[in-house]
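Working notes, beginning with the structure itself.
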Ligand SMILES: Nc1nc2c(ncn2[C@@H]2O[C@H](COP(=O)(O)OP(=O)(O)O)[C@@H](O)[C@H]2O)c(=O)[nH]1
Ligand SMILES: [Mg+2]
């Protein structure tokens, strides 16, 4: 090798990047749809990237929602590798985020929805500054005990669909306690994205931990 | 004869895990298989041959060389503009941009000087950043010679096609190794001949171009191309 490559500091990252991972159907897109207006209401300039697995359905759903300028929503195909595209090889997502920043210089926060998985996905720190893992009550209260890397290592664990607890025989308090226990008391938030409950607490944590405001 | 240092560089940059987003591009494998025009190893081997002989060898390889011997950034950009002009399908152009820019982004973060300089030009011109041109930049930055760069360009195309076929269930993992071996011989034969230095880049892969161009109209789609 004639010359050695020396790592440089990455170019200044102007927008914070927040990953949202979790099993298929746990409510990641629903959470994004709730977070968009809540973040905007606090004057935060945002954009969204989705990693749809098979179709561009999530990107289209968010674009058509009327909640955000459709041009601020990018879809990145994952080639049937939803883990790879956020972990081992996040370059396509990094490029999509860089591109959104180029096109919208004022953007402060980019939400990045993963294509969904089982419980094993984690986001590369090169891609996101902060990441949340969304599981839902309908999957059963044993999910935190199964200790997937997403459950354990995410910056925030979100337990969604609290409204379903009575129908699936889940004791919410116990599920919350067990989740805190496997996470060494790192944040666990409960949401009901159907009714918009618990969303402000998610926004609070983003403002405090990611945007260093308030 | 055997150059350990060069071989190790090939292993690193030619690794299908090299993080440049290659796994998200099927270059027609997904579309052709959705249209029942690609089912099984024989079809896949034909497709790989078509890609190598009628696109890579006559187009990518020529552009790679131009960008490899280019004396300055403007000469690299000229090769890039030729790539743009020589690719009629918007989806093929877009795929080449996305794959190229992803590869360039990795080298920029690794501190490659040519990559950093070229990236600055890219932000001013959305038509720049085609894959074979970026490959030349990245491999130049890495101190990889032209002969080896050609191998990397051809081989990463092959592994991308074959692994897409595995993920789509077109072939199994053992068949994949047989297809890779077949493709090695194809690549070897193509590389045995050196194209004239004044030859213009061209391609003739109508089925592949149509399959990729139809991508955006497909409801079910897992790959970028
Ligand atoms: N009952 C209930 N349903 C929800 C809630 N959040 C999402 N859903 C529904 O769960 C399904 C999957 O949600 P989606 O956001 O698409 O999940 P994703 O695959 O993780 O993005 C949809 O039908 C949503 O309407 C919730 O809090 N309560
Ligand atoms: Mg979703």
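Protein chains in written order, with our numbering: chain F, 1310 to 1523; chain S, 687 to 911.
We put the CB at the ideal spot given by N, CA and C, even for glycine.
Handout entry: Spatial neighbours of residue 1455/F in its chain, beta-carbon cut-off 7 Å, leaving aside the 5 residues before and after
Key = Excluding five sequence positions before and after residue 1455/F, the CB atoms of its chain that fall closer than 7 Å to its own CB belong to 1428, given in chain order.
Exercise for the section: Just mark residue 1515/F as buried or exposed, buried being the case when its beta carbon has 16 or more other beta carbons within 10 Å. Expected result: By the Cβ neighbour-count rule, residue 1515/F is buried, with 16 or more other Cβ atoms within 10 Å of its own.
Problem - Interface partners of residue 1389/F on chain S, CB under 7 Å - result: 853 and 908
Handout entry: Close-in-space but distant-in-sequence residues of the same chain around residue 1367/F (CB under 7 Å, 5 per side omitted)
Key = 1338, 1359, 1361 and 1422
Exercise for the section: Could you tell me the distance, in whole angstroms, from the CA atom of residue 817/S to the CA atom of residue 1374/F? Expected result: 35 Å
Exercise for the section: With 7 Å as the limit, tell me which residues of the segment 1429-1448 of chain F have their beta carbon closer than that to any beta carbon of chain S; keep them in chain order. Expected result: none
Practice task
Could you tell me whether any Cβ in chain S is nearer than 9 Å to the Cβ of residue 1380/F?
Solution key: Answer no: the Cβ-Cβ gap between residue 1380/F and chain S never drops below 9 Å.
Practice task
Verify the contact flag: residue 1367/F, CB atom, against every heavy atom of ligand 2, threshold strictly below 8 Å.
Solution key: yes
Handout entry: Residue from 1490/F, 1488/F and 1435/F whose Cα sits closest to the Cα of residue 1400/F
Key = 1435/F
Handout entry: Identified DSSP bridge partners for residue 1501/F
Key = 1506/F
Exercise for the section: Please state whether DSSP places residue 813/S in a helix, a strand or coil. Expected result: In the three-state DSSP reduction, residue 813/S falls in the coil class, being neither helix nor strand.
Exercise for the section: Identify whether residue 1469/F lies in helix, strand or coil by the three-state DSSP scheme. Expected result: Secondary structure at residue 1469/F: strand, using DSSP grouped into helix, strand and coil.
Handout entry: Per-residue contacts from residue 1371/F into chain S (C-beta, under 9 Å)
Key = Those within 9 Å of residue 1371/F in chain S number zero; the least Cβ separation is about 17 Å.
Handout entry: Chain-order list of residues whose beta-carbon lies under 6 Å from that of residue 841/S (same chain, five-residue window excluded)
Key = Excluding sequence positions up to five before and after residue 841/S, its CB lies within less than 6 Å of the CB of 700, all in the same chain and listed in chain order.
Handout entry: Enclosing beta strand (DSSP E) for residue 1422/F [first to last residue]
Key = In the DSSP assignment, residue 1422/F falls within the beta strand (DSSP E) that extends over 1418-1422.
Exercise for the section: Could you check which residue in 1354/F, 1348/F, 1405/F and 1364/F has the C-alpha nearest to that of residue 903/S? Expected result: Nearest of 1354/F, 1348/F, 1405/F and 1364/F to residue 903/S, Cα basis: 1364/F.
Exercise for the section: Report yes if the C-beta of residue 861/S is less than 8 Å from at least one heavy atom of ligand 1; otherwise report no. Expected result: no
Exercise for the section: Below 9 Å between beta carbons is the criterion; list the residues of the segment 807-830 of chain S that meet it against any residue of chain F, in chain order. Expected result: 809, 827, 828, 829 and 830
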